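In my numbering, the protein residues as written are 94 to 347. All residues carry an ideal CB built from backbone N, CA and C; glycine is no exception. Please read all numbers here as calculations on a predicted model, not as lab measurements. What follows is a set of notes on a single structure, which appears directly below.
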């Protein structure tokens with residue numbers, strides 16, 4: 094290593110995690126997925142679990158997660174990731190098994206699989222990205238779309254008598270006897286990113302310690318679906334989503 098390389102290394106304050114493949118991401122500018130991917134990659138590396146981790150890819154914007162993180166992945170049918178994770182964890186109980194799912198995947202077509210896997214106390218972690226919209230397929234209304242929020246399928250805003258109410262999947266998870274740790278976080282600020290990383294680490298540790306099922310929701314942005322710039326999307330999330338989906342731990346059996 095040359096002197097210049099040493100100086101660069103000493104002055105380095107951030108970089109790509111070793112488990113993240115060096116390739117362009119398909120996510121839109123300002124999307125929260127890339128930040129969460131980095132957190133997960135850092136944690137698996139720090140916990141020395143690269144060869145003992147299995148991730149479950151979803152259907153949705155994060156369908157190509159397997160391209161970015163250098164771990165073992167399994168592709169699951171739409172909404173079926175928790176069922177797939179349950180089987181994998183029972184086959185390889187010494188492994189860290191986690192799912193990575195959006196609100197449509199987890200809270201709509203996968204509602205039953207999610208609730209029953211959590212209620213059984215499967216030793217898995219579910220990472221739940223809630224951006225209140227179907228981002229990949231054109232910006233349709235999701236189970237978590239806010240009241241009054243406009244989408245491609247509710248252009249005048251979500252109405253209770255027509256569309257029902259937003260589904261609080263994380264709150265439901267906290268009431269289930271099988272869950273050990275349930276938390277809701279965000280990644281729009283440095284402080285929130287650090288809190289989200291702590292929450293996901295705790296969920297991973299619980300899974301490995303066989304304490305039960307764990308769910309970490311990340312309240313996220315979707316600049317393209319919301320038709321906002323990345324900066325405005327963060328502002329809209331802070332003003333509208335965080336009051337409705339407040340951050341913090343909802344359950345911790347410790």
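Which residues in the same chain have their Cβ closer than 8 Å to the Cβ of residue i, if we skip the five residues on either side of it in sequence?
{"i": "residue 132", "result": "280, 286, 289, 290, 293"}
Less than 9 Å between the C-beta atoms of residue i and residue j, yes or no?
{"i": "residue 306", "j": "residue 213", "result": "yes"}
{"i": "residue 300", "j": "residue 221", "result": "no"}
{"i": "residue 318", "j": "residue 197", "result": "no"}
{"i": "residue 234", "j": "residue 253", "result": "no"}
{"i": "residue 265", "j": "residue 208", "result": "yes"}
{"i": "residue 218", "j": "residue 112", "result": "no"}
{"i": "residue 344", "j": "residue 274", "result": "yes"}
{"i": "residue 224", "j": "residue 262", "result": "no"}
According to DSSP, is residue i part of a helix, a strand, or is it coil?
{"i": "residue 334", "result": "helix"}
{"i": "residue 137", "result": "helix"}
{"i": "residue 342", "result": "strand"}
{"i": "residue 152", "result": "coil"}
{"i": "residue 132", "result": "helix"}
{"i": "residue 165", "result": "strand"}
Ordered along the chain, which non-local residues of its own chain (more than five positions away) have a Cβ less than 6 Å from that of residue i?
{"i": "residue 135", "result": "110"}
Taking residue i and residue j to be in contact with their CB atoms under 8 Å, please state how far apart those CB atoms are, rounded to whole angstroms.
{"i": "residue 297", "j": "residue 189", "result": "6 Å"}
{"i": "residue 151", "j": "residue 195", "result": "6 Å"}
{"i": "residue 316", "j": "residue 153", "result": "16 Å between Cβ atoms; not a contact."}
Keeping to the same chain, check which residues put their C-beta closer than 7 Å to that of residue i; ignore five residues upstream and five downstream.
{"i": "residue 85", "result": "Nothing can be reported for residue 85, as the shown portion of the chain is limited to 94 through 347."}
{"i": "residue 260", "result": "200, 236, 237"}
{"i": "residue 176", "result": "206, 210"}
Taking the runs of the alpha helix (DSSP H) that are 4 residues or longer, which of them lie wholly in the segment 248–331? List check, alpha helix (DSSP H) in window: 253–256, 262–268, 283–301, 316–319, 323–329.
Mind listing, in chain order, the continuous beta strand (DSSP E) runs of no fewer than 3 residues lying wholly within the segment 176–260? If you keep only unbroken beta strand (DSSP E) runs of at least 3 residues inside the segment 176–260, you get 189–195, 218–223.
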